[in-house]
Structures are given as C-alpha cells and as structure tokens.
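Here's what the structure looks like:
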C-alpha cells in the first residue's frame, strides 16, 4: 500500500513540478515568489495530511463511521479551514520579511499575502474534499489510511496549490480590496473562535498552530535556498520539475511513518519509550527501502519529463546519484525524527496526529532542499 501510494503521490507532484518549470519566466518577473512557494505547497500538506491522520485514528478507534452527522468531522473541518486562513496570511508576511532580512528583491507584502491567501484557500477547499474521501474510502475498502492519506494528500497539495497560486496572480489588480476582505474575515473568525472556544476545534488549533508556524519558517528557509540560486534554476528549468516531487517524497515517507506511529500510540500498541521498539525499527527499515527505490525513480521521471518538454536538465546519471545520496540521508533522518516527534508529543500531552506531520514536512523541505543542492554541487552540477 505504501509504495503504491508513494508512486501515485510522486506522479501528482511531478505534474506540479512540470507546472513550476513551465512558469520559470513568471518567477523571474515576480521576484520573491519562489521563497513562498515551498511553504505554500507544504502548508496544504501539513494541515490536511494531519486532518487525514486524525480521521484515520478516529476510524481505527471507532469514533466515526463516515461523514454523516459527525460533530468530530465538522470540528476537524472548521479547525483546518481556520488554520488555512491564518497560516496563509502568515506565509505571505514571512516571505516578505525573509526576503528583506536576507537582502533579496521581492514584490510588495500585499501582493504576497493576496497570492498566498487566495491561492491557498481555493486549493484547500478542493484538498479538504479529497482528504475526507481518501481517509474514509480507503478504510472501508480494506486499506490502512495511515499508509495512503499522507502521501496522496501531500501530492494533491502539490498538484492543486501551484495552479491556484498562479491563478491568484491574475487577481492582483484588485489586491487592495481583496486584502481588506481578508483582514475582516480573519478578524471575525478569530473573534468568534475566542468567544466560543469549541473544545475539539480549540484543541486542534492549540496543538497545531505553533508547530505550523515553525514548519512555515523551515519551509521558507527552503524557498530562500532556491531563491539564492534562482538564476541557475531558471537557466536549467528542468530542475524546477525535480523539486516538488523530491520534497514531497521526504514528507510523504515521514507522513506514513508518523501516521502509523500515532495510531499505534493511540491504540496502546506501542509505548512512548525513548528507545525505539523492534516494531519501530522494522518500520525504519521499510522507510529506508522505500527511500532507496523512490528518490532515484523521481530523478528518472523528472529527466524524462524535462526531455519531453525540451527543458534544460543535468545528465541523467548525475541526477540519479544526487537523488540517491540525498534520499538516503532523508530516509535515515525522517525515521528517527518521526519516532521521537511522536513519542515526545505524546509525553507532553499533545496529539501526535496534529503535531508530527507539520514538523516532519517542514523539516524535510529544509533538509531535502539542502541535501539535494549539496549533492548536485558535489557531483559538479551548478
């Protein structure tokens, strides 16, 4: 189940990468936008893969049996949409501040916020529906949602978010009106939430909010690294195709492992011990095997797509080696990071379903970008 979902996820992310590579000229015309893109893509996966993980746990524990008349599902939807709105505003602001701090030229703050919120919220409505359908249908069809929700949802995030972000660029002519509407909606929603404090919604937001903020910083760091080499990426635009599926692969591996660990912790199948159990070590070996298979395959597929689209791309052998080296590092780090993030969040009374996936994907965005670029440089590319 895991390898099938990872393959499907990689193909979906590849389409997002093709879209990104095809719009390299737009990235050049809108400086600073690339800083926000990894975080914008990652946040959709963070919020809705966590939603899928919570749905998976609820299904395993018998708390829900479907979508009809379920307050738990309604509360999860409300919390996810609120987090989407607030985090999207934060991403636009963070990207502009990061560009200023590190001396990069950037489009205005209002432009980034409008692109982030409009593109992010529109894509989130679609991803929300897909998340609920995948979690519930996979469970009732005999698949383990822990193995399929994280990779497929993050892939859908890659596939849908990029077109929505570029679509939002066309709405910048009304940016001041849209920005005012965004501020009013944020104020109203925050006021209602603080005054009513619905228990389940409040817990999800409380557990997720600061983790999502930290994850956004890490993913923005990934965008800064790409922005620092944006001239090289625009010249060799086929590399832009490689980035979304490569980063998604690391996050998906961590998502599968963390979802399995979270469900096992909720069901009492494993205890939050600092020393990994035999079952956890077996999961680590599976993640390593998946990583060795997945990341070189991503390099091959990205090369084929670049060739078909007549985009500049490095030699295939060098890219496969770079993906293998970087992928092995990611597989090892994601295994131990996922385990200890799940264990420590449980020990501190937090829900690992809401905490671990955002931590993993944000960290993997940063680590994945660094490791891939370093591997390419080591092999004489760039």
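In my numbering, the protein residues as written are 524 to 905. Positions of the beta carbon are idealized from the N, C-alpha and C atoms, including for glycine.
Bounds of the alpha helix (DSSP H) holding residue 602 are 594-624.
A distance below 8 Å separates the beta carbons of residue 638 and residue 688.
In the same chain as residue 793, and ignoring 5 residues on each side of it, the C-beta atoms closer than 8 Å to its own belong to 784, 787, 800, 802 and 803, in chain order. Counting only runs that start and end inside the region 650-706, the alpha helix (DSSP H) elements of at least 4 residues fall at 668-692. Taking a 10 Å sphere around the C-beta of residue 823, we find fewer than 16 other C-beta atoms and assign the residue as exposed. Sequence-distant partners of residue 767 (beyond 5 residues in either direction) whose C-beta falls short of 7 Å from its own C-beta, in its chain, are 536, 539, 540, 543, 564 and 681. Annotation for residue 785: the continuous alpha helix (DSSP H) segment containing it runs 761-790. Look at residue 795 here: in three-state DSSP terms it is coil, with no helix or strand label.
When C-alpha distances from residue 653 are compared across 644, 751, 692 and 672, the shortest belongs to 672. An exposed status is given to residue 548, since fewer than 16 other beta-carbon atoms sit within 10 Å of its beta-carbon. Taking every protein chain shown into account, the CB of residue 595 has fewer than 16 other CB atoms within 10 angstroms, so this residue is exposed. Under the three-state reduction of DSSP output, residue 833 falls in the coil class, being neither helix nor strand. Residue 624 has its alpha-carbon roughly 26 Å from the corresponding atom of residue 567.
Using a C-beta cut-off of 8 Å, the region 739-748 makes contact with the region 884-899, since at least three inter-stretch Cβ pairs fall below that distance. Contact check between the region 594-608 and the region 644-652: three or more CB pairs, one atom from each, fall below 8 Å, which counts as touching.
Taking C-beta separations shorter than 7 Å and ignoring five residues to either side along the sequence, the partners of residue 586 in its chain run 595, following chain order. Taking a 10 Å sphere around the C-beta of residue 711, we find fewer than 16 other C-beta atoms and assign the residue as exposed. An exposed status is given to residue 835, since fewer than 16 other beta-carbon atoms sit within 10 Å of its beta-carbon. Counting other Cβ atoms within 10 Å of its Cβ, residue 762 reaches 16 or more and is therefore classed as buried. Counted as a single uninterrupted DSSP element, the alpha helix (DSSP H) harbouring residue 567 occupies residues 556-583.
DSSP places residue 737 within a helical segment (H, G or I) once states are collapsed to three.
Under the Cβ criterion (8 Å, minimum of three pairs), the region 724-740 counts as touching the region 864-881. Excluding residues up to 5 positions away in sequence, 788, 795 and 875 lie with their Cβ nearer than 7 Å to the Cβ of residue 869 in the same chain. Per DSSP, the continuous alpha helix (DSSP H) segment holding residue 550 begins and ends at 547-552. One alpha carbon belongs to residue 860, the other to residue 696, and they sit about 44 Å apart. Contact between residue 557 and residue 734 is absent: CB atoms are separated by about 24 Å, not below the 8 Å threshold. Nearest Cα to residue 844 within the set 895, 833 and 854: 895. Distance from the CA of residue 730 to the CA of residue 657, rounded to the nearest whole angstrom, comes to 23 Å. For residue 730, the three-state secondary structure derived from DSSP is helix. Judged by DSSP in its simplified three-state form, residue 586 adopts coil rather than helix or strand.
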